[in-house]
Amino acid sequence: MQQYAFDMRNISIRYPHFAMENLNLSLAKGQVLGLVGVNGAGKSTTIRILMGLVKADAGQVDVLGYQLPAQQVQAKYDIGFASDDMRLYKNQTLQWHMDFIHSIFPNFDHGYAKDLLQRFELIADQKMKGLSHGQRVKACLLLVLARRPKLLVLDEPTTGLDPVARDEVLTELADILRDDERSVLFSSHNTHDIEKLSDQIAFLDKGKLLALQDKESFVQSWSRYRCQLMPQAQDSVPGAVSIRRSGQLAEVITDQSSGNFAVALQHSGFKVIEQHRMSLEEIFVANVKRNR
Ligand SMILES: Nc1ncnc2c1ncn2[C@@H]1O[C@H](COP(=O)(O)OP(=O)(O)OP(=O)(O)O)[C@@H](O)[C@H]1O
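Here full-length UniProt numbering is used: the first residue of the sequence shown is 1, the next is one more, and so on.
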């Protein structure tokens with residue numbers, strides 16, 4: 001039985017100003033994976049390779065048991081993909097698009113589409129050219145979700161939305177994902193969005209996978225300590241990701257706070273004043289800085 005929704009192995013691709021080398025990324029069935037990265041980190045490239053839209057220079061891509069790009073046509077029936085550059089016919093209505101998608105994908109669920117129309121406050125007979133950006137994003141999501149794909153891939157679904165539309169889309173997605181058994185990969189620059197929806201989180205920077213962990217263990221293993229420096233304080237602490245000194249004080253960040261890090265601090269002459277959990281955004285930034 002196939003355990004993975006997808007499995008990308010040793011993926012390499014080179015552009016004039018960008019290189020991805022030996023990227024390994026996989027997603028267990030039924031999980032939601034959030035892919036976080038700054039502009040140009042390689043999120044869309046990773047997704048395009050996964051979808052068979054771009055051919056990697058090297059590596060293997062297995063999606064729901066299909067090898068891509070060779071078995072792209074068969075795989076597409078089970079994959080729902082939404083991205084900013086999804087083309088809609090601007091002179092046609094949302095209803096026309098629903099019927100069109102149904103003619104290609106017979107399992108398009110009109111009952112579910114109707115439910116989503118209400119949830120997203122969309123009007124079926126409105127033409128695409130009349131939709132705002134937020135409404136267009138919601139329309140794209142509706143068209144993809146109503147196919148009930150086994151794997152849902154969303155490239156930056158919340159980018160460019162105002163805070164209210166973003167919250168609406170995230171809330172609906174969170175509800176929809178909880179309802180269902182489907183596997184989801186979605187990318188964002190926004191760690192709050194990722195935190196809200198994901199079980200697993202991957203940090204990508206300059207084509208490299210910096211970390212891939214479940215959300216809980218990220219939050220448990222990273223901490224920020226405020227310390228007083230003792231006269232015997234050493235230059236480094238085993239397990240510290242960064243140390244920032246200011247006079248007799250120091251701020252120490254670690255990704256090993258679930259272990260014996262407090263003891264290591266003590267042995268290195270750092271007296272702990274307080275310990276803080278870090279937000280996903282702070283963890284992401286610390287991760288990127290450590291690897292640059
Ligand atoms: N077809 C291409 N030809 C040349 N360079 C490309 C091509 N596609 C992507 N790149 C480069 O690869 C890098 C990664 O781009 P990608 O779109 O994957 O990043 P991203 O993480 O999705 O960024 P953003 O958040 O800005 O969308 C960028 O430097 C981009 O210029």
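Backbone N, C-alpha and C fix where the C-beta goes; we use that ideal spot for every residue, glycine too.
Spatially closest choice to residue i from the options, by CA coordinates
i      : options                           : result
Ile49  : Gln31, Met20 and Tyr77            : Met20
Gly280 : Lys43, Ile176, Gln220 and Pro157  : Inspection of the sequence shows that residue 280 is occupied by Leu rather than by Gly. For the residues Lys43, Ile176, Gln220 and Pro157, the minimum Cα distance to Leu280 belongs to Gln220.
Ser26  : Asp62, Ala75 and Ala264           : Asp62
Glu274 : Glu282, Tyr225, Leu249 and Thr254 : Tyr225
Gly52  : Lys43, Gln67 and Val38            : Gln67
Thr158 : Asp85, Leu151 and Asp167          : Asp167
Ala58  : Ile11, Gly80 and Phe18            : Ile11
His189 : Ala28, Ser44, Ala5 and Asp7       : Ser44
Val237 : Phe261, Asn24 and Asp214          : Phe261
Asp205 : Ser217, Phe18 and Gln3            : Phe18
Leu122 : Leu151, Gly160 and Ala165         : Ala165
Lys208 : Leu173, Phe6 and Leu23            : Leu23
Asp162 : Gln135, Asp155 and Asp175         : Gln135
Leu154 : Glu172, Gln213 and Gly80          : Gly80
Ser217 : Gly259, Ile176 and Arg178         : Gly259
Val38  : Gln213, Glu156 and Asp214         : Glu156
Pairwise C-alpha distance: residue j and residue i
i           : j      : result
Arg148      : Arg292 : 40 Å
Leu33       : Ala202 : 7 Å
Ser246      : Ile13  : 43 Å
Leu88       : Gln126 : 13 Å
Gln60       : Arg9   : 5 Å
residue 293 : Lys55  : In the structure as shown, the chain begins at 1 and stops at 292. Residue 293 is therefore absent and cannot be evaluated.
Arg277      : Ala41  : 26 Å
Val184      : Leu265 : 40 Å
Leu142      : Ala211 : 31 Å
Val36       : Ala286 : 13 Å
Ser83       : Ala139 : 12 Å
His192      : Ile283 : 12 Å
Pro69       : Gln200 : 25 Å
Ile101      : Ala113 : 11 Å
Asp78       : Ser103 : 15 Å
Gln256      : Ser223 : 8 Å
Ile194      : Leu249 : 33 Å
Asp228      : Arg290 : It is worth fixing the name first, because residue 228 is Gln in this sequence and not Asp. Whole-angstrom Cα-Cα distance: 23 Å.
Val252      : Leu197 : 29 Å
Arg244      : Phe120 : 47 Å
Gly65       : Tyr4   : 8 Å
Val288      : Phe186 : 20 Å
Ile47       : Pro16  : 19 Å
Ala124      : Arg178 : 26 Å
Ala75       : Asp99  : 21 Å
Gly160      : Leu170 : 13 Å
Gln213      : Val137 : 28 Å
residue 307 : Leu116 : The structure shown does not extend to residue 307, since the chain is modelled only from 1 to 292, so the question has no answer here.
Task: contact_flag[the region 116-134, the region 85-105] where n(CB pairs < 8 Å) is 3 or more - done: The region 116-134 makes contact with the region 85-105; the number of CB pairs closer than 8 Å reaches 3 or more.
- [ ] Collect the residues with a C-beta less than 5 Å away from any heavy atom of ligand 1 and give them in sequence order along the chain.
- [x] Answer in sequence order: Tyr15, Phe18, Gly37, Asn39, Gly40, Ala41, Gly42, Lys43, Ser44 and Thr45.
Task: Segments of 4+ residues assigned as alpha helix (DSSP H) that fall wholly inside the region 20-94 - done: Entirely contained in the region 20-94, the alpha helix (DSSP H) runs reaching 4 residues are, in chain order, 43-50 and 72-76.
- [ ] Say whether the region 227-240 touches the region 264-271, bearing in mind that this needs 3 or more beta-carbon pairs closer than 8 Å, one atom from each stretch.
- [x] Because the criterion of three Cβ pairs below 8 Å is met, the region 227-240 and the region 264-271 touch.
Open item on the list: Can you confirm whether the region 97-108 touches the region 136-153 when touching is taken to mean that 3 or more C-beta pairs between the two stretches lie within less than 8 Å?
Closed with: Contact between the region 136-153 and the region 97-108 is present, because at least three Cβ pairs lie under 8 Å.
Task: In chain order, each beta strand (DSSP E) run of at least 3 residues that lies wholly inside the region 144-197 - done: For the region 144-197, whole beta strand (DSSP E) runs of length 3 or above, ordered along the chain, are 151-155 and 183-188.
Task: Uninterrupted alpha helix (DSSP H) stretches inside the region 93-143 (no shorter than 4 residues) - done: Those alpha helix (DSSP H) runs which fall completely within the region 93-143 and span 4+ residues are 94-104 and 110-119.
Task: alpha helix (DSSP H) segments (min. 4 residues) lying fully within the region 253-290 - done: Annotation: the region 253-290 contains the following complete segments of the alpha helix (DSSP H) (minimum length 4 residues), in chain order: 261-267.
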